[in-house]
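Take a look at the structure set out below.
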Amino acid sequence: MRYGYATVGLPTLDPGEAIAEAAEAGYAGLEWKVGEAPHAMGSSAETFLVGNRTTLSLDPADGRRVARLSAAAGLSVIGLSPYVRTGDLSTLDKVLAVAEASGAPQIRLQGPRFEPGGPDYHELSARFHDFFTDAAEHASRSGVRLVLEIHQHTLFPSASLAQRLVSHFDPARVGVIYDVGNMVFEGYEDHRIGSALLGPYLHHVHLKNALFRPGNGGDPVRVHRPMWSPLDDGVVDVPGVLRYLDEIGYDGWVSLEDLSTERDPAETLRHNARVLAACGAPGWSVPVAG
Numbered sequence: 001m002r003y004g005y006a007t008v009g010l011p012t013l014d015p016g017e018a019i020a021e022a023a024e025a026g027y028a029g030l031e032w033k034v035g036e037a038p039h040a041m042g043s044s045a046e047t048f049l050v051g052n053r054t055t056l057s058l059d060p061a062d063g064r065r066v067a068r069l070s071a072a073a074g075l076s077v078i079g080l081s082p083y084v085r086t087g088d089l090s091t092l093d094k095v096l097a098v099a100e101a102s103g104a105p106q107i108r109l110q111g112p113r114f115e116p117g118g119p120d121y122h123e124l125s126a127r128f129h130d131f132f133t134d135a136a137e138h139a140s141r142s143g144v145r146l147v148l149e150i151h152q153h154t155l156f157p158s159a160s161l162a163q164r165l166v167s168h169f170d171p172a173r174v175g176v177i178y179d180v181g182n183m184v185f186e187g188y189e190d191h192r193i194g195s196a197l198l199g200p201y202l203h204h205v206h207l208k209n210a211l212f213r214p215g216n217g218g219d220p221v222r223v224h225r226p227m228w229s230p231l232d233d234g235v236v237d238v239p240g241v242l243r244y245l246d247e248i249g250y251d252g253w254v255s256l257e258d259l260s261t262e263r264d265p266a267e268t269l270r271h272n273a274r275v276l277a278a279c280g281a282p283g284w285s286v287p288v289a290g
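And the structure:
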């Protein structure tokens, strides 16, 4: 396994600073946020999505710049994480141009979100299947792989729901981002089930943590809700997940996508490198500092 960092988790840094921090801490690559998230306001990750200084525009020049800076620092461009609405092939093509310019091998897509009074699951699923079919063809012509992210509050919050879509496509062209932190919020299935269902479609992993805290009030029921937490303090058994991925022969990228706010983002990046070292993460070669 190779370990990288998702720049959505580094909102206070510019691209050059993000590259320098990641290289210094021992990560091997960066997964780049591209464009603005339409759902950012009110999101559980609002402080990371709004005003994120690492965000790349849809200009291929941005892709060429991060490719050059990354290569100079010995880092890979792992992939791009844009926000492409269902049916928007025009924006997808612009993202693909940035991917080609940066040398990114893959771009992330998310499923649609439910809207009040909007289409139901079956209609959304049919629409997205048609869009994904076209998107996969466009990406294939560009030599770029599509990866569908398992994400809460979307049509694909679990491995089994993601598998229902991607199983219709060639796993050489299409895959899934297995996001273990998102599945704390919604969609968790035993990793033995999720990984078996995805099989060759398990192309990428997002690693972060979350926990449940009681909400305000309690009349008549005090509801506990998920919140992002530090990598070493949450529901996700980080050492166990990484050991399991190693046992099943997963040798792809693991991107840390930490959305916790206990530390400054740059310090969170460094802290997470220490966590990986301390838990003996397979493939992590940087020793515990100090």
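So in full-length UniProt numbering, the last spot in the sequence shown is 290, and the numbers never skip.
Just so it is clear, CB atoms sit at the ideal spot from N, CA and C, and this is done for glycine as well.
Please read all numbers here as calculations on a predicted model, not as lab measurements.
Shortest Cα-Cα distance from Ala-22 to any of Gly-118, Gly-4, Ala-71, Gly-283 involves Gly-4. Within the stretch 222 to 247, the complete alpha helix (DSSP H) segments of 4 residues or longer fall at 238 to 247, listed in chain order. In this chain, the beta strand (DSSP E) harbouring Gly-4 covers 2 to 6. With a beta-carbon spacing of about 26 Å, Leu-92 and Ile-19 fall beyond the 8 Å limit used to define contacts. Bounds of the alpha helix (DSSP H) holding Ser-140 are 121 to 142.
For His-203, no alpha helix (DSSP H) run applies; the uninterrupted beta strand (DSSP E) run containing it begins and ends at 202 to 207, by DSSP. DSSP places Ser-90 inside the alpha helix (DSSP H), whose first and last residues are 89 to 102. Around the beta carbon of Phe-185, 16 or more other beta carbons sit within 10 angstroms, so the residue counts as buried. Exclusion of the five residues before and after Gly-215 leaves Val-223, Arg-225 as the residues of its chain whose Cβ lies within less than 6 Å of its Cβ. Cβ contact annotation for Gln-152 (same chain, cutoff 7 Å, sequence separation greater than five): Asn-182, Phe-185, Glu-186, Gly-187, in chain order. Taking C-beta atoms as the reference points, Val-176 and Leu-198 count as a pair closer than 7 Å.
Annotation for Val-275: Leu-231, Asp-232 place their beta carbon closer than 6 Å to its own, counting only its chain and skipping 5 residues before and after.
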